[in-house]
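Report on the following structure.
Chains as they are written, first to last, in the numbering used here: chain R, 1 to 249; chain E, 1 to 386.
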């Protein structure tokens with residue numbers, strides 16, 4: 001039974017939760033591989049600059065490791081390659097060579113972990129489906145910055161693992177877990193909590209699909225709304241509301 | 001500004017926008033508005049009144065041709081902005097006087113049939129046009145609703161002109177239509193008619209307005225795109241015309257308590273806020289499958305859409321519209337001129353400035369809609385603190 005983790009930016013793919021995900025999938029009996037989309041360096045630089053300004057250089061350095069004398073962090077790609085697990089690199093996920101290589105792996109499951117938008121041609125490959133961790137409680141909160149939007153509205157935050165379909169965050173829900181806001185929480189800390197929960201739920205969902213025990217809850221389009229990146233004015237409001245909820249305000 | 005300095009300005013502004021076109025691919029968008037943005041926009045609108053000898057608001061400044069003649073259609077809604085601004089700032093009574101002077105000028109120009117002329121002053125032959133009549137009706141009504149008298153007869157004549165020339169299906173006769181064709185953006189006219197009907201208790205005007213709005217709503221495709229949302233045949237709908245259409249439907253839905261029209265606005269808006277998110281700069285024109293049909297942005301349209309979404313937020317409480325509204329207003333305001341004796345405070349027709357919509361011009365309506373959206377932005381942000 002093979003699971004392929006789909007992600008991007010292999011040279012800076014150092015977040016520890018992804019290596020834990022790979023390890024936990026292996027411990028659960030899955031053969032693990034990875035499929036990376038790797039946009040042209042110019043496009044990555046452009047996206048990084050737009051998102052972070054000149055801070056992108058600092059962010060790049062911290063992701064690669066080696067800043068402040070710390071040891072360079074292991075990327076998921078190198079971790080897998082050390083274990084002789086297949087790693088496919090592609091400019092675009094649906095380019096012919098990447099699709100051929102993916103099909104040759106005969107994946108049973110794709111697990112999205114910070115991937116680009118996944119084309120239908122890729123979603124169609126795995127036997128059991130493609131699963132995604134969404135950092136919001138579906139169906140209500142679809143789209144982007146959903147943790148921030150949930151806090152803005154005074155709603156619970158949490159993680160949903162769902163099957164991926166042609167829509168955006170509209171596939172069948174497999175597992176969902178609320179995350180309590182605790183004293184001192186910031187959005188940064190909540191993100192870390194989301195990653196920990198997501199890792200566990202992804203593995204549980206993978207096992208459920210493999211064993212035929214997964215419960216699928218379809219979503220209706222009208223039950224949720226599509227959210228987008230939060231304007232800075234609204235983000236400040238969300239931060240203030242989080243600070244209050246976390247006993248910091 | 002004599003011709004040579006204007007051409008010099010043009011030769012500086014075009015390269016500036018060329019640089020911005022490149023850097024927008026790489027540089028994070030600055031957030032936050034210039035604190036002087038609204039005041040500067042209103043000051044520029046007052047200047048458009050001065051340059052005509054206080055005979056209406058100039059159609060705008062062309063960097064090639066200079067200040068353009070006074071334009072009755074847009075003067076009708078420019079005066080509203082002056083009045084609203086005066087209501088929120090101390091010591092702006094002079095703007096109320098300007099608004100009244102503009103409204104009086106409009107009365108003096110009103111056609112014998114009750115309509116308002118096509119084009120700027122000097123356009124020949126003169127004929128009454130539905131859309132223009134509706135916009136001036138808005139101006140007179142805003143003064144009447146704020147306790148200023150003397151416009152009742154002019155408003156009545158305008159409203160009755162609109163009823164008289166409406167056809168059974170809610171469109172107007174070609175001879176009183178711009179380009180001789182029906183337009184969904186006339187929902188803004190219907191909005192004015194509903195305002196009039198509410199003010200005067202005129203059921204016939206109300207019924208006619210509803211017919212227009214039902215026709216407009218019926219032009220919407222399942223994907224949110226509107227047929228007949230164009231100014232001339234052979235064009236694609238622009239954000240300017242789309243925003244007119246949406247704003248008319250939205251405000252009418254609130255006056256008439258008709259949720260279907262607001263739902264129509266939401267249907268199109270869902271598409272556009274996604275476009276705004278993906279592209280980060282809304283282009284001007286869109287085809288029937290919502291593919292971009294232009295490279296330039298119509299800054300008027302972007303500012304107007306910001307206003308639509310801020311009003312939609314006020315009506316619905318859905319903060320997604322607030323989010324999109326703030327972003328759209330930011331996007332338009334980013335291009336407001338902050339220097340230049342004749343252009344400080346003004347918004348160009350297009351970004352880049354050579355774009356197809358009013359190239360190398362600062363239309364008075366672009367700054368007018370920016371000013372209104374800045375006021376709505378101010379109110380929305382203030383409301384967050386409550």
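Glycine residues also receive a C-beta, built at the ideal position from the N, C-alpha and C atoms.
Closer than 8 Å to chain R by CB, residue 320 of chain E: For the purposes of this step, residue 320 of chain E is identified with residue 320 of the second chain, where counting begins at 1. Yes, residue 320 of chain E lies at the interface with chain R (some Cβ there is under 8 Å from its Cβ).
For a cutoff of 8 Å on Cβ pairs, would you count residue 187 of chain R as touching chain E? In the first chain, residue 187 of chain R corresponds to position 187, counting from 1. Closer than 8 Å: no.
Uninterrupted beta strand (DSSP E) stretches inside the stretch 79-126 of chain R (no shorter than 3 residues): 87-90 and 109-112
Evaluate residue 388 of chain E with the Cβ neighbour count: other Cβ atoms within 10 Å of its Cβ, from every protein chain shown; 16 or more gives buried, anything less gives exposed. Outside the displayed span of chain E (1 to 386) sits residue 388 of chain E, for which this structure offers no information.
Inter-residue Cα distance where the pair is residue 286 of chain E and residue 15 of chain E: As a working mapping, residue 286 of chain E is identified with position 286 in the second chain. As a working mapping, residue 15 of chain E is identified with position 15 in the second chain. Computed Cα separation, rounded: 26 Å.
Quick check: the Cα distance between residue 391 of chain E and residue 105 of chain E, rounded to an integer number of angstroms? The structure shown has nothing for residue 391 of chain E, since chain E only spans 1 to 386.
Residues of chain R with a CB under 8 Å from the CB of residue 384 of chain E: which are they? In the second chain, counting from the first residue as 1, residue 384 of chain E sits at position 384. Within chain R, the residues near residue 384 of chain E are 233, 234 and 237.
Quick check on residue 231 of chain R: buried or exposed, where buried means 16 or more other Cβ atoms within 10 Å of its Cβ? By one-based count along the first chain, residue 231 of chain R stands at place 231. Buried is the call here.
Mapping DSSP to helix, strand and coil, what is residue 337 of chain E? In the second chain, residue 337 of chain E corresponds to position 337, counting from 1. Of the three classes helix, strand and coil, the one that applies to residue 337 of chain E here is coil, per DSSP.
For the beta strand (DSSP E) containing residue 60 of chain E, list its first residue and its last residue. Within the second chain, numbered from 1, the residue matching residue 60 of chain E stands at position 60. Residue 60 of chain E -> beta strand (DSSP E) spans 60-62.
Residue closest to residue 65 of chain E, alpha-carbon to alpha-carbon, out of E:377, E:362, E:370 and E:385: Against the second chain, residue 65 of chain E aligns to sequence position 65. Here the closest residue by C-alpha is E:362.
Which class does residue 181 of chain E belong to by DSSP, given the choice of helix, strand or coil? Walking along the second chain from the start, residue 181 of chain E turns up at place 181. If DSSP states are grouped into helix, strand and coil, residue 181 of chain E belongs with coil.
What residue range is occupied by the uninterrupted alpha helix (DSSP H) comprising residue 244 of chain E? The residue given as residue 244 of chain E occupies position 244 in the second chain. Taken as a continuous stretch (DSSP letters only), the alpha helix (DSSP H) holding residue 244 of chain E covers 239-256.
Using a Cβ-Cβ cutoff of 9 Å, what residues of the stretch 147-158 of chain R are near chain E? List them in chain order. 149, 152 and 153
Spatial distance of residue 165 of chain E from residue 129 of chain E (CA atoms): The residue labelled residue 165 of chain E in the question sits at position 165 within the second chain. The residue labelled residue 129 of chain E in the question sits at position 129 within the second chain. About 10 Å.
Every unbroken beta strand (DSSP E) within the stretch 166-220 of chain R, with a cutoff of 3 residues, ordered by chain: 173-179
Determine whether the beta carbon atoms of residue 57 of chain E and residue 78 of chain E lie at a separation below 8 Å. Position 57 of the second chain, counted from the start, is the residue given in the question as residue 57 of chain E. Position 78 of the second chain, counted from the start, is the residue given in the question as residue 78 of chain E. Going by C-beta atoms, residue 57 of chain E is nearer than 8 Å to residue 78 of chain E.
Compare the C-beta of residue 93 of chain E with all C-beta atoms of chain R and state if any pair is closer than 8 Å. The residue given as residue 93 of chain E occupies position 93 in the second chain. For residue 93 of chain E, the answer is no, since every Cβ of chain R falls outside 8 Å of its Cβ.
In DSSP terms, what residue 351 of chain E is bridged to: Taking the first residue of the second chain as 1, we reach residue 351 of chain E at position 351. For residue 351 of chain E, which the question treats as bridged, DSSP gives the partners E:297.
Rounded separation between residue 174 of chain E and residue 332 of chain E - CA only: Counting from 1 along the second chain, the entry for residue 174 of chain E is found at position 174. Counting from 1 along the second chain, the entry for residue 332 of chain E is found at position 332. Spanning the two alpha carbons is a distance of roughly 34 Å.
Tell me which same chain residues have a C-beta within less than 7 Å of the C-beta of residue 258 of chain R, skipping the five on either side of it? This structure cannot settle anything about residue 258 of chain R, because the visible part of chain R is limited to 1 through 249.
Range covered by the alpha helix (DSSP H) that runs through residue 55 of chain E: The count along the second chain starts at 1 and reaches residue 55 of chain E at position 55. Residue 55 of chain E -> no alpha helix (DSSP H), and no H or E assigned at all.
How should residue 205 of chain R be labelled, buried or exposed, when 16 other C-beta atoms within 10 angstroms of its C-beta is the threshold for buried? By 1-based counting over the first chain, the position of residue 205 of chain R is 205. So residue 205 of chain R counts as buried.
Using only the alpha-carbon positions, how far apart do residue 269 of chain E and residue 84 of chain R sit? One-based indexing of the second chain puts residue 269 of chain E at position 269. One-based indexing of the first chain puts residue 84 of chain R at position 84. Their backbone Cα atoms lie some 50 Å apart in a straight line.
Looking at residue 30 of chain R and residue 2 of chain R, is the spacing between their C-beta atoms short of 8 Å? Numbered from 1 along the first chain, position 2 holds the residue referred to as residue 2 of chain R. Numbered from 1 along the first chain, position 30 holds the residue referred to as residue 30 of chain R. Yes.
Limits of the beta strand (DSSP E) - the one that residue 163 of chain R falls within: To locate residue 163 of chain R, count along the first chain from 1; it is residue 163. It spans 157-163 - the beta strand (DSSP E) in which residue 163 of chain R sits, taken as one unbroken run.
Along the chain, where does the beta strand (DSSP E) that runs through residue 7 of chain R open and close? The residue you call residue 7 of chain R lines up with position 7 of the first chain. Start and end: 2-8.
Taking C-beta to C-beta, are residue 97 of chain R and residue 134 of chain R nearer than 8 Å? Locating residue 97 of chain R in the first chain gives position 97, counting from the first residue. Locating residue 134 of chain R in the first chain gives position 134, counting from the first residue. Cβ distance not < 8 Å, so residue 97 of chain R and residue 134 of chain R don't count as in contact.
Quick one: what's got a C-beta closer than 8 Å to residue 69 of chain R's C-beta in the same chain, skipping five residues either side? For this step, residue 69 of chain R is matched to residue 69 along the first chain. Confidence is the limiting factor: at residue 69 of chain R the pLDDT is only 40, short of 50, which leaves the residue's position unreliable, though a coordinate-based value still follows. The answer is none, since no qualifying residue turns up.
Same chain, Cβ closer than 7 Å to residue 194 of chain E, neighbours up to 5 away in sequence not counted: Mapped onto the second chain, residue 194 of chain E falls at position 194. Here the set comprises 206, 209, 252, 255 and 256.
Residues sharing a beta bridge with residue 132 of chain R, DSSP: Indexing the first chain from 1 puts residue 132 of chain R at position 132. Answer is R:162.
As assigned by DSSP and simplified to three states, the class of residue 129 of chain E: One-based indexing of the second chain puts residue 129 of chain E at position 129. Here residue 129 of chain E sits in strand by DSSP.
Who are the near neighbours of residue 15 of chain R in its chain, counting only those whose CB is closer than 6 Å to its CB and skipping five residues on each side? Here residue 15 of chain R refers to the residue found at position 15 when the first chain is read from its first residue. Counting only Cβ-Cβ distances below 6 Å, and skipping sequence neighbours, we find nothing.
Buried or exposed, going by whether 16 or more other CB atoms sit within 10 Å of the CB of residue 240 of chain E? Position 240 of the second chain, counting from 1, holds the residue named residue 240 of chain E. Buried.
Indicate whether residue 219 of chain R and residue 173 of chain R have their beta-carbon atoms separated by less than 8 Å. In the first chain, residue 219 of chain R corresponds to position 219, counting from 1. In the first chain, residue 173 of chain R corresponds to position 173, counting from 1. In this structure, residue 173 of chain R lies closer than 8 Å to residue 219 of chain R by Cβ.
Give me the chain R residues within the contact set of residue 277 of chain E, using Cβ-Cβ distance strictly less than 7 Å, ordered along the chain. Translated into the one-based positions of the second chain, residue 277 of chain E becomes position 277. Here the neighbours are 228 and 229.
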